[in-house]
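Working notes, structure below.
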Amino acid sequence: MRKASGNETDHAALLAIKASLVGGSSESAEALSSWNASLHFCNWVGVTCDGRRHQRVTVLDLAGHNTGGSISPFIGNLSFLRVINLSRNMLNGFIPTEIGLLSRLEVFNVSRNALQGGFPLQLTNCTRLLTISLSRNGLGGIVPDRLGSMPNLQDLYTGFNNFTGQVPSSIGNISSLIQLELSQNSLQGSIPTSLGKLKSLKLLSIQFNSLSGTIPSSLYSLTSLRILSLVDNQLFGTLAPSMGLNFPHLIIAFFGGNSFTGILPPTLSNISGLKEFDVVQDQFSGNVPEGLQRLQYLEFLGLGKNNLGSDNGGDLDFLTNFTSMKSLTIDMNRFRGQLPYSIGNLSSKIEYLFLGGNMISGHIPVGIGNLVSLVALGTEYNKLIGEVPSSIGNLIKLQQLTLGGNRLQGTVPSSLGNLKNLYRLGLEKNQLDGSIPLNLQTSLRQLYLNGNKLNGNVSTEFIHNLNQLILLFLSDNNFNGYFPTTVGELTNLNVLDISNNKFSGKIPTELSKCSSLEFLLVQENSFDGRIPISLGKLKVARYMDLSGNNLSGRIPLELQNLSSLHILNISFNQLEGPVPTKGIFTNLTGFSFQGNQKLCGGIPELHLPNCSRTNQRENEKRRKMSNVVIISVTVSIFFGFVLASILTWVVYKKVSKCNNAMAISMLDGGLYHRLSYKQLWDATNGFSVGNIIGAGSFGYVYSGALRDMPIAVKVMNLEKHEAVKSFKAECKVLSTIRHRNLLQILSCCSSLDYKGSDFVALVYELMPNGSLESWLYGSRILNLSQRLDVAIDVASALEYLHHDCEPQIVHCDLKPSNVLLDTDMVAHLGDFGLARILRSGLSNNLIQEQSASSLSIKGTVGYVPPEYGMGGNVSIQGDMYSFGILLLEMVTGRRPTDEIFKDDTSLHIFCKSKAANSNIFDIVDSHLLAELNTENENYRTNQEDVNVKKVQECCAAIIEVGVACSMNSPNERMDIREACKVLHSTKVKFLERRIRVPRQNEPSPSQAPAATGGGLTIHRFFVSWSLCLRNRSHSGFKPAEQ
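If you read the sequence shown in the UniProt record's numbering, its first letter stands for residue 1, the second for the next number, and so on.
Here's what the structure looks like:
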């Protein structure tokens, strides 16, 4: 038999590699389509041969084709390979051990995929390797000590994975190492002193881990370092005063997010090439080192959230003559003194200047208008006085201006109308007076004018011009007159706070057009007339305060239909008539009505008088009714009842073979239109095995079609002694509730089958996209936005069951297989076979309804709250535990019964531990990481930064809710209303596409959304990710692509 040549071996290996790949995009399909017999394999896309007579494959480069599938072990047969680049794809599975056979391999790059498993130890056999890039995958385990045996390695990238343990000290033996990137893992312990032996090292990034201890003194001997990032660890101690002498070539130095103390190194000005320096969110004190202005390349200086400053007046003298400065953050420190007039010479390139949260006094210098490149300017919450300089109108690139929380006086300058890019204007809590300029630009999304002395009318033109507003705060001023009806044009408005003014007239009915309005605060004005019925159209409203006005008439019944409304305050008006008895009006803590003497009715707990006068007219009409008519109706009802009883008895005797299941179909007076056995037989092809789409504890579910309508038929297995009770419980629960996120019963059947045996079934609308479980663990994948939507849908369903149903309903079996998805991927909560109806007694102690199911099983293993296992009563807190586990499962892709959760560990403990250490990406489903990698390829660097931050914050928020809901103690669990609030807020932030730069101490009208620090946020946002997500170029040095 002829031995295969090397040429043939390479060809066969490439075909095997192709077979294991999946065309995930048009680019991928196009690339792999060239891998066919019509071309020599050396001409295939991504394949390079050595050009010799035998033409052996030396380079395999399929980077950026969005290719799926796995890496074939046959790659080990390409024995002449020097370069493997499979980065920026959607590969999953494990890195094959056969990689270790490639003795000529120099570059191995599989970054930005969804690979799993541990560090590919076999790579250490490839002694010629120069570059290993494993970043942005789902790899875990420890980083092996054997790395220290690779004599030629220059670049090692393992960032954005799940590696644990310590940084191996053996890495210090790789004398050839130039770039070492271990960021965004779960590494612990101290920084090895042996790293000080890497004399050629130019990049050291170990940010976003859990490293502790101090910076070893040996690190200061790395005189070749260009980039050093230790951001967001648990490091402490001081920075060496001689740092500027130790690192003469440093370009980027990030130390923020730790607990460093002491003063900033006075030798910083000696690092002549320094471009970026960040110590945001540490504990440094003292003054800013002198001579930083000499650093002609310095672009980013982040000093926010420390204890910098002194008691003398010269703290801010350094704010001048930075040649290249683009972002300067000193907010939330202890800086005193006045802003120097020379701040106008700070830098012609400055884009972000954040000075808020200090003790800065004096006037805002007119020269600030010279900084024409500014995009964001913040001086909020200082002690500034005087007027707002009109020269700010020269800053035509400005997008954010925050001057709130000072003592500024005078009027709002009309020159602000020149700022055509301004989307956030904060002038709150000053002493400004006069009227609002009419020329503010339509670009504004957030306007804060509350807490001043502004007066006059709010004109129709003003509101009309700002039709893109999302947040509008005008409270605590002296505005008067009618509030403009053009408010209905603000369709994006989320918060409207005009409280504590002198507005009069009627509340505009046009508010109903503000479909995004969640917070409406109009209290403490002089509004009169009726509460507009149209407010009942504000479907997403969460907070509504109408108190302290002159409103009269009845409370609109439409308000009780606002399912998202958690707070309604109508106190101290002149309202009269009955109080509605549903929705928010059943929430004793969320509904306030004091000071309205003519209100009556409502739920008994409100202790209002009966509406006897309201009912008097109806009673008089009844008295006029003829006695003959009354007797006739009474007799008719009596005989009708007797006849119905006789018929029921006859039917019961006729089918005496049937047990309770035969009678259940009459539940609630025959609420459902019953179907015959034959109809369901025909609809499901004779209950064919091929039609089975699910199986539960009490039977099978079949798909079918009834009069061209897709249906799902749940057939109860009556051999299970609890099946009848499950059927009864589900009928009783679902017969009285309606919600878009609950699975509705279409019909039922209680009959005999063709064999004469009892037959019981429920009929639902078919959910064509199956269960959540099939998406989490099947071939189809839900992206993060879809998972968040499902979480919100399920939360909305639970909120309805727990707080909008009377009596309350507990689902008792919340899990992924009971969450079904319709055509539009809207989630519906189903399977109420274990549900319990709770009754509330006078003592507020909830007891189980005796007629409800008394099943001993109270859920599914892994989702059952611990108190049920100890005999505890069913409660809404039990559902919250299951919901919390469901959230954690959706984010991590791990079942609560996963084999890794043994002994004292659980999904809850696992997520809580990782989240506490800010290691969110360690536990996120690898499919979500692959989605993030793919999405980032479609954007430039800035958008990529936003995407990473956005995904991290979203996942962290969901996990936080999941952990809070699944606490062991029922009393410590988050309420579903609070969970809904957080999830909705997370959704809004996740979908926001532009960089949002919050400002500290935003007005918080009652429970309006709180804001965070401004300069800190934008600068930390930049420095936290720029190292790993951007290529750098300086003095001929450029990090390899990761």
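Beta carbons: idealized from backbone N, C-alpha and C, even for Gly. Since this is a predicted model, take the numbers as computed values, not measurements.
{"Asked": "Count the CB pairs spanning the segment 794 to 803 and the segment 776 to 785 that are closer than 8 Å, and state whether there are at least three.", "Found": "no"}
{"Asked": "Identify the continuous alpha helix (DSSP H) that holds ALA761 and give its terminal residues.", "Found": "Segment 758 to 765 is the beta strand (DSSP E) holding ALA761; no alpha helix (DSSP H) there."}
{"Asked": "Does the distance from the C-beta atom of TYR881 to that of SER757 stay below 8 Å?", "Found": "no"}
{"Asked": "Please report the straight-line C-alpha distance between ASN312 and SER499, rounded to a whole angstrom.", "Found": "41 Å"}
{"Asked": "Identify the continuous alpha helix (DSSP H) that holds LEU568 and give its terminal residues.", "Found": "First-last for LEU568: 567 to 569, but that is the beta strand (DSSP E), not the alpha helix (DSSP H)."}
{"Asked": "Terminal residues of the continuous alpha helix (DSSP H) containing VAL988?", "Found": "976 to 991"}
{"Asked": "Keeping to the same chain, check which residues put their C-beta closer than 7 Å to that of PRO437; ignore five residues upstream and five downstream.", "Found": "VAL412, SER414, LEU416 and GLY417"}
{"Asked": "What span of residues does the beta strand (DSSP E) with PRO710 cover, start to end?", "Found": "709 to 716"}
{"Asked": "Is it the case that the segment 926 to 933 contacts the segment 134 to 150, given that we only count it when at least three CB pairs across the two stretches are under 8 Å?", "Found": "yes"}
{"Asked": "Give the straight-line distance between the Cα atoms of ALA979 and VAL961, rounded to the nearest whole angstrom.", "Found": "6 Å"}
{"Asked": "Please give me, in chain order, every unbroken run of the beta strand (DSSP E) with length at least 3 that falls completely inside the segment 446 to 505.", "Found": "446 to 448, 453 to 457, 471 to 473, 478 to 482 and 495 to 497"}
{"Asked": "From which residue to which residue does the beta strand (DSSP E) around MET359 run?", "Found": "359 to 363"}
{"Asked": "State the Cα-Cα distance for the pair THR509 and ILE909, rounded to the nearest angstrom.", "Found": "50 Å"}
{"Asked": "If you draw a straight line from the C-alpha of CYS954 to the C-alpha of HIS984, how long is it?", "Found": "11 Å"}
{"Asked": "Leaving aside the five residues before and after MET544 along the sequence, list all residues of the same chain whose C-beta is less than 6 Å from its C-beta, in chain order.", "Found": "LEU520 and LEU568"}
{"Asked": "According to DSSP, what are the bridge partners of CYS600?", "Found": "PRO578"}
{"Asked": "Once the 5 residues before and after SER224 are set aside, which same chain residues still bring their CB inside 7 Å of it?", "Found": "LYS199, SER200, LEU201, LYS202 and HIS249"}
{"Asked": "In terms of residues, what are the limits of the beta strand (DSSP E) holding ASP528?", "Found": "526 to 530"}
{"Asked": "Buried or exposed, going by whether 16 or more other CB atoms sit within 10 Å of the CB of residue 1057?", "Found": "In the structure as shown, the chain begins at 1 and stops at 1042. Residue 1057 is therefore absent and cannot be evaluated."}
{"Asked": "Going by the beta-carbon positions, is the gap between ILE132 and ILE99 smaller than 8 Å?", "Found": "no"}
{"Asked": "How many angstroms separate the CA atom of GLY859 from the CA atom of PHE479?", "Found": "57 Å"}
{"Asked": "Classify MET880 as helix, strand or coil using the three-state DSSP reduction.", "Found": "helix"}
{"Asked": "Answer yes if the segment 276 to 285 comes into contact with the segment 247 to 266, meaning at least three C-beta pairs across the two stretches below 8 Å, and no otherwise.", "Found": "yes"}
{"Asked": "Thinking C-beta only, is ILE206 closer than 8 Å to VAL143?", "Found": "no"}
{"Asked": "Pair every Cβ in the segment 380 to 388 with every Cβ in the segment 402 to 409, then say whether three or more of these pairs are closer than 8 Å.", "Found": "yes"}
{"Asked": "On the DSSP bridge assignment, give the partners of ILE692 in chain order.", "Found": "TYR702"}
{"Asked": "I'd like the span of the beta strand (DSSP E) that includes LYS383, first residue to last.", "Found": "383 to 387"}
{"Asked": "For the segment 296 to 311 against the segment 333 to 351, do three or more pairs of beta-carbon atoms, one drawn from each stretch, fall closer than 8 Å, so that the two count as touching?", "Found": "yes"}
{"Asked": "Looking only at its own chain, which residues have a Cβ that is under 8 Å from the Cβ of ASN7, when we skip the five neighbours before and after it?", "Found": "HIS54, GLN55 and ARG56"}
{"Asked": "Rounded to whole angstroms, what is the Cα-Cα separation between LYS755 and ASN685?", "Found": "17 Å"}
{"Asked": "Determine the extent of the alpha helix (DSSP H) in which ILE792 is found, giving its start and end residues.", "Found": "784 to 799"}
{"Asked": "Please find out if some non-hydrogen atom of the ligand SAH comes closer than 7 Å to the beta-carbon of LEU298.", "Found": "This structure simply doesn't include the ligand SAH, nor any ligand for that matter."}
{"Asked": "Suppose you measure from the CA of LEU565 to the CA of THR892; what does that come to, to the nearest Å?", "Found": "31 Å"}
{"Asked": "Taking DSSP's pairing of strands, which residues face LEU308 in a bridge?", "Found": "GLY286"}
{"Asked": "Are LEU575 and SER547 close, meaning C-beta to C-beta below 8 Å?", "Found": "no"}
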